Each structure stands twice: as structure tokens, then as C-alpha cells.
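As C-alpha cells, the structure follows; a few thoughts come after it.
Number of protein chains: 2
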Amino acid sequence: MRKTIKDVAREANVSIATVSRVINGKDKVKEETKIKIMNAIEKLNFIPDYNARTMVQKKTKMIGFMPPELANGYWSELSDVIQNDLWKKGYALLVTSHNMEIEKTISILDLFIERNVDGIILGPLTKNKNDKMTNAIDRLLHQNIPIVTLQGSSIRGVTSVDVDNQGGAMSVVQYLLESGHKQIAFIGTVNSSREREFGYRNALMINHIPINEKSIILTDYNGDFTTFGYKAAYELVESKQKFSAIFCGNDLIAFGVIRALKKIGLTVPEDVSIVGFDDISASSLRSPMLTTIRQPIKEIGSTVVDVLLEQMESEKKTITKKIVLPTELVIRET
Amino acid sequence: MRKTIKDVAREANVSIATVSRVINGKDKVKEETKIKIMNAIEKLNFIPDYNARTMVQKKTKMIGFMPPELANGYWSELSDVIQNDLWKKGYALLVTSHNMEIEKTISILDLFIERNVDGIILGPLTKNKNDKMTNAIDRLLHQNIPIVTLQGSSIRGVTSVDVDNQGGAMSVVQYLLESGHKQIAFIGTVNSSREREFGYRNALMINHIPINEKSIILTDYNGDFTTFGYKAAYELVESKQKFSAIFCGNDLIAFGVIRALKKIGLTVPEDVSIVGFDDISASSLRSPMLTTIRQPIKEIGSTVVDVLLEQMESEKKTITKKIVLPTELVIRET
DNA sequence: CTGAAAGCGCTAACAG
DNA sequence: CTGTTAGCGCTTTCAG
Chain C
1 MRKTIKDVAR EANVSIATVS RVINGKDKVK EETKIKIMNA IEKLNFIPDY NARTMVQKKT
61 KMIGFMPPEL ANGYWSELSD VIQNDLWKKG YALLVTSHNM EIEKTISILD LFIERNVDGI
121 ILGPLTKNKN DKMTNAIDRL LHQNIPIVTL QGSSIRGVTS VDVDNQGGAM SVVQYLLESG
181 HKQIAFIGTV NSSREREFGY RNALMINHIP INEKSIILTD YNGDFTTFGY KAAYELVESK
241 QKFSAIFCGN DLIAFGVIRA LKKIGLTVPE DVSIVGFDDI SASSLRSPML TTIRQPIKEI
301 GSTVVDVLLE QMESEKKTIT KKIVLPTELV IRET
Chain S
335 MRKTIKDVAR EANVSIATVS RVINGKDKVK EETKIKIMNA IEKLNFIPDY NARTMVQKKT
395 KMIGFMPPEL ANGYWSELSD VIQNDLWKKG YALLVTSHNM EIEKTISILD LFIERNVDGI
455 ILGPLTKNKN DKMTNAIDRL LHQNIPIVTL QGSSIRGVTS VDVDNQGGAM SVVQYLLESG
515 HKQIAFIGTV NSSREREFGY RNALMINHIP INEKSIILTD YNGDFTTFGY KAAYELVESK
575 QKFSAIFCGN DLIAFGVIRA LKKIGLTVPE DVSIVGFDDI SASSLRSPML TTIRQPIKEI
635 GSTVVDVLLE QMESEKKTIT KKIVLPTELV IRET
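Chains as they are written, first to last, in this note's numbering: chain C, 1 to 334; chain S, 335 to 668.
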């Protein structure tokens, strides 16, 4: 069915080696035979088999990418950036999200090895690593494929790229304090936004403001953040805690909080100020436009790609780096 | 570096054929030798090279997916569904978005051939196909790889899956009419939402309502829909057209329209009703929650996958189908 | 049940 | 400049 280099060689009356030469444009080939071959290629609609080439060259020009999910502003935007940057460098992307399923995560990791990817970009892993997972990671490390992790899915000895969650959180609190807020609540998650919680605590501490543990609501759930935010806001209000501002661990939580507040009869930002984290596109698309911490997604993506390629080039001594990108407070309506 | 079947064979004192047998679990192997081999595999952290297998088996178990972009609710959600469904069936996904660039589109199409994917899922292509593009498509068709297209990126002879854009649009207009609206404007795009415009026109026609061409604003632009919506709403108001409802070609446009209206001093839905199309997640995340037409993304994804696999199985006679999925009017606040 | 050997499509020396 | 040939890692007859 598929045409091979052999078919082309026969058609053009040359050897397969010569065909290979013109395909790759490396060695010199007489102009005349070159044209003959090009014509044959055209005629047969021939396109070389990359996998076959791979067998001898040991480079698949494929990168494996495992985000936790795709159907979410942050990860899809990041995927787009990564995919584009990688494409420009001549790499194709094998994308599979693990959806927080441990079995799937393991299979994906093995998939990347099976498929011989040249490099791997890993999103955060599920927290509860069991033995099988540890083994899978070991297996991966053994192959010694360059890896870069995102968002603190820290695997020992692997380079990571992340934003300054703690610093960003501190700047939020600092800003709220300077805006005159005395009681600032925090609604976040134990998993991804833990460092944001730390930043919240640190900022209060630095400003000598006592931390009211009752105005901190956390979840270890990882699914529907908006619903969590909604419930948490209710909880906060019903527990009679005083607060004039709520710092939310991410934008989706903030949306839920805003909706709950509205239902309760509190207006944003008149009665309560809300600040999120991430600046996903929905935050500025609708009103009130959310005040939030912007993650420099483009930069994160490019950095990941750069670091990975760099690591792939240097081949051996991969120094384990931890790269932290700055965030930016985007003050909008809430 | 990488361990091969040979290493395992040596370690276990058997031939590579036998190793291959236990890897694939097809032929019978004596329990004893099987265990020997399994141990060797474990010890060496061996994982078979899928590409090598591919060479002989002619099946890569890889599917190529080319959405126009990833950083957008609709496509990222769809990607997630497709990726998951395919994963369950044992396929990996090669994802590359073309970002409406014609050169990139061509390269991606060729990439899919080079990489020997078993099947292809295509999102809408750019409208302005030049000769090179036509050639690329021809080349693709020649390889006779099963293909399914999404959202009317119709290539002659290729099965497509789409939602009932026209029907959905008609139901919107019908609903607005029944709600008492007399003047309904339309703001949409020439590309993807053309059929929605047709639906809009048809519905008015059926109800014997004259169409005011001045209250139809279209763009052939494909980038920032929200900004387009914003500008279009201004244009509409400034042109002094009368309208009490605006049907927008997609949700992003609707967001822009709502923002503009707010700026102008018109309230939604009191002064003007707004209806979108797509029901991307941002539509229900923020208030006012948009009234819109829901695209059954999960179903679209599953259908595409099913149809593609079915086509891959039946191998030869691929009957060209056009599958149209129903939409659903979701009445919310606007 | 197991081994030897051919070959998948292509690249990369090595000779001419 | 061009042809011959030896693999790449694996599966699959074909013999034992």
C-alpha cells in the first residue's frame, strides 16, 4: 500500500541509497538524477517513513507531554504554547493527560518509554504515589530520557519549572492589606495551591497580623473547584467569621465564591474583595473582571521547552535545576 | 543505553524469539522459561521498543489529531474527551494545532503520514486553500489512512461529524420570538458559524419576519472573538438599528457583546437579551450566566472516536458518512 | 515449546 | 557522484 524508498528507486532507476540522499539533502547528488528522483517521489506520492528512520538514527523527534488534564484553561493554554514552541524546533508532541488516575499515569510513563520519546514534560502527579508508581518512575529515570516537570511535581533529581506561588500569594495579601483590609480569608486547596497558602500565612505574619485558622478553608479535592469555592464561601459566612476580602487559591474557586456571595446578598467588590490566582482566560472575559495573579503561561511554556531542549543537547551532565518564574498581580474589578 | 530484547535474551539464556513470545503473550511458553525471562526483564528495566514493533506489524496505534488551536474552551475540552476515549482503546494521540496557518497545516498533514498514524481526526481547516494545500490533502488521501473531520472541514469523500448548527440556530430564534422579541440581530463569523447564520435567516423567514441586513454583522476574522463582539455591538448600536435581542455566533462573541452593552449603558437581559452558541465552560462559570446552545462535546468526541475506529476496522469500503449531532438550548440568565 | 533466520523501511559506512 | 551492504529492535514463519 504505502510507497517505500524502494518503489521510488525502481521508478527512478537508481539505488535506494541515492534516494535516501536526496530525501535528506545531505550528500551531493548529480542535479540530473536528483530531478529524476524528485519526479518519481512526486509521482508516487512518496513520503518517507519516519519510524524506520528512527530505528537507525535513534531520535524520534517526539516529546511526551503529560498534563493532569486538558479541559481546563491553564493546561490547555500551556499545551498550546508548548506544542507551538516544540513544533518550531521540529518536534512533534505526544499528549496524554492522566486525570489524576494512578494507573493511567503509570501507563503513560511507560508509553513514553515504549515510544522512545526524546524528552518528557510532566505536569503535577497525583499525591498518593503507591509502589507501582514509584517503580514506574524508577523505570523512567533508568532510561535516562531528559525530563522537565511543571508545577512542582517534583521528582528527585529532575529539573522543574514553576512560578513563584509563594511570592505571588504574598503580594496579593500585601496589596489587600495596603488597600485597607484587616480581615482576609483564604480558600484554597491542599494540593496545587499549598504554597499559596504558605505565602498567605507568611505575609500576615510579616505584617504582625494574627492568623485566624477559622478563616482558612482548604480541600484536598481536585475536581470541580468552582463548586468547592461556592460551598466554602457559604461555610465561611455561616461560621460568622469576619472578613472583608477573600484570597482564593485559584480563579475557579474565586468564581464559585463570587457566585455564593451574590446569592447570600453580598456584593463584590463593595462588601467583599476577591482575588484569585492563575488569570485563566475566563477571568477577564466576563464581568466583574477578576483581580488575580497572572501566571506567565507563554513564558512558562517557552521556558519548559528551552530547558528541555538544552538538556537534550547537553546529553550527559544534566544539572538539576529548579526554575522559578515571577508572577504578576493584575488588579481588575473585584 | 536502552536495553533491547537481545539483552534480555542473553540474561535469560534464551533466544530473542522466545523473549518476544512472552512479551506478547501470544504463543505458549513453558512456565519455567517464562519466569526466567520475566525476571530478566524486571532486572534490566526492559521495555520493548514500540517503533521497532511497528515496522513489522504495520500498526502504530497512534492517531493524529489536528485542532485549529488548543487554548480555547471548545477544542481543549474536545481534545480531552478524544484523548481519553482513544486511550481506553489503546491508542496514543499525536496532537498538533495548525493555528490557521496554511504552511503549518500542510506540514502537519505530512507529519501524520511520516509518522504512520493509524487514523486521523481533523478540525476545521483554513478557508483559503491554495494549491500546495490541495496537494497535501491529495497526498493524504492517497495514503488511504482513515480520516474523520470535525466541524465541517469537509474534504470530499471524508466522513464528518458535526452538530446541527442550523437547527440549533433556528431553535434560538424560535425561542426569542416566542419570548416576545420582534427585532433580533445576529453577530457572527463567516467561517465557523455560517450555518448558524443560515439558521437565523431561515427561522425568521419561516416566521414571516423580514430580514434587516443591517442588523447582521459578520467577520471573516478568526482570532479574538470577544473583541470582535465588543466592536460589533458598538457598531450595531451606533447604526441606530432597533433590536431587543442579539444572537451571537459563539459564546466568546457574546461575552464581548455583553461587555460593550454594559459600557453603553444597556443592561442584560432587561434591555437586551443575548444568546450565544457552544456553551463553553466560561459561559456558566460567571454571571450573568449565558443563555446559549450547548454542543454535546462528550458525545462529539466519542462519536468521532467511534466512527474513526469503525472505519479503521472495516479497512476497505469506507462509506462516507456525514454525522450530525443534535444541540440543546440552555436557557440561563441572559 | 524453542531457536534460526528473514525482513519491515531506512540510514550510514564503505567501496568503487 | 552512486551502488552495495550491514544493521536498527522487533515479529513471524519455518524447522526442529
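Built from N, CA and C at the ideal position, the CB exists for glycine as well.
Remember, it's a predicted structure, so these values are computed and weren't measured experimentally.
**Study point:** chain S contact residues for residue 48(C), given Cβ-Cβ distances below 7 Å
**Key:** 448
Check your understanding: Do residue 638(S) and residue 471(S) have their CB atoms nearer than 8 Å?
Key -> no
Review point. Do you know offhand how far residue 73(C)'s Cα is from residue 280(C)'s?
Key: 6 Å
**Study point:** Where residue 92(C) meets chain S, residues with beta-carbon distance less than 8 Å
**Key:** 428, 430, 445, 449
Point to revise | Element boundaries [alpha helix (DSSP H), containing residue 105(C)] | key: 102–114
Exercise for review: Closer than 7 Å by beta-carbon distance: list the chain C residues that pair up with residue 404(S), in chain order.
Suggested key: 76, 79, 80, 83
Review point. Going along chain C in order, which residues have a C-beta closer than 8 Å to the C-beta of residue 589(S)?
Key: 285, 286
Exercise for review: Determine the chain C residues that contact residue 515(S) at a beta-carbon separation under 8 Å, and present them in chain order.
Suggested key: Simply none; closest approach about 23 Å.
Practice item. Quick one: list the residues of chain S neighbouring residue 332(C), beta-carbon separation under 8 Å, in chain order. Key: Going along chain S, no residue has its Cβ under 8 Å from residue 332(C), so there is no contact; the nearest lies around 13 Å.
Practice item. Would you give the residue range spanned by the beta strand (DSSP E) that residue 26(C) belongs to? Key: Premise fails: residue 26(C) is in no beta strand (DSSP E) and is neither H nor E.
Review point. So what does DSSP say about residue 65(C), is it helix, strand or coil?
Key: strand
Review point. Does residue 226(C) get closer than 8 Å to chain S when you measure Cβ to Cβ?
Key: yes
Review point. First and last residue of the beta strand (DSSP E) that includes residue 294(C)?
Key: 292–294
Check your understanding: Does DSSP classify residue 70(C) as helix, strand or coil?
Key -> coil
Exercise for review: Compile a chain-ordered list of the residues in the stretch 133–162 of chain C whose CB is closer than 9 Å to at least one CB of chain S.
Suggested key: 138, 139, 142, 143, 144
Check your understanding: Once you ignore the five residues that flank residue 220(C) on each side, which residues in its own chain have a CB closer than 6 Å to its CB?
Key -> 190
Point to revise | Contacts of residue 336(S) in chain C (Cβ-Cβ under 7 Å) | key: 143
Exercise for review: For residue 146(C), count neighbouring C-beta atoms within 10 Å of its own C-beta (all shown protein chains included) and say buried if the count is 16 or more, exposed if not.
Suggested key: buried
Exercise for review: My understanding is that residue 592(S) touches residue 521(S), with C-beta atoms under 8 Å, so please give their C-beta distance in whole angstroms.
Suggested key: Rounded, the Cβ-Cβ distance is 11 Å, inconsistent with contact.
Exercise for review: With DSSP as the reference, label residue 341(S) as helix, strand or coil.
Suggested key: helix
**Study point:** Segment limits, beta strand (DSSP E) that includes residue 595(S)
**Key:** Here residue 595(S) belongs to no beta strand (DSSP E); instead the alpha helix (DSSP H) covers 585–598.
Point to revise | Collapsed DSSP secondary structure at residue 661(S) in the structure displayed | key: coil
**Study point:** Where residue 389(S) meets chain C, residues with beta-carbon distance less than 9 Å
**Key:** 49, 51, 52, 55
Review point. Going by DSSP, which residues form a beta bridge with residue 245(C)?
Key: 184(C), 273(C)
Check your understanding: With distances taken from CA atoms, which of 384(S), 454(S), 465(S), 610(S) is nearest residue 358(S)?
Key -> 384(S)
Practice item. Run down chain C in chain order and give the residues with a C-beta less than 8 Å from the C-beta of residue 655(S). Key: The premise fails here: residue 655(S) is roughly 23 Å from chain C at the closest Cβ pair, so nothing lies under 8 Å.
Review point. Name the chain C residues that come within less than 7 Å of residue 379(S), Cβ to Cβ?
Key: 139, 142
Review point. What number of angstroms, rounded off, separates the C-alpha of residue 270(C) from the C-alpha of residue 174(C)?
Key: 19 Å
Exercise for review: Drop a sphere of 10 angstroms on the beta-carbon of residue 162(C), count the other beta-carbons inside from all chains shown, and report buried for 16 or more, exposed for fewer.
Suggested key: buried
Practice item. Note the first and the last residue of the continuous alpha helix (DSSP H) segment covering residue 297(C). Key: 297–314
Exercise for review: Using beta-carbon positions only, say whether residue 64(C) and residue 94(C) come within less than 8 Å of one another.
Suggested key: yes
Review point. Is the distance from the Cβ of residue 371(S) to the Cβ of residue 352(S) below 8 Å?
Key: yes
Review point. With a cut-off of 8 Å, does the C-beta of residue 282(C) fall near any C-beta of chain S?
Key: yes
Review point. Is DSSP giving residue 621(S) helix, strand or coil here?
Key: coil
Review point. Measuring CA to CA, which of 426(S), 589(S), 435(S) is closest to residue 450(S)?
Key: 426(S)
Review point. In whole angstroms, what separates the C-alpha of residue 373(S) from that of residue 364(S)?
Key: 14 Å
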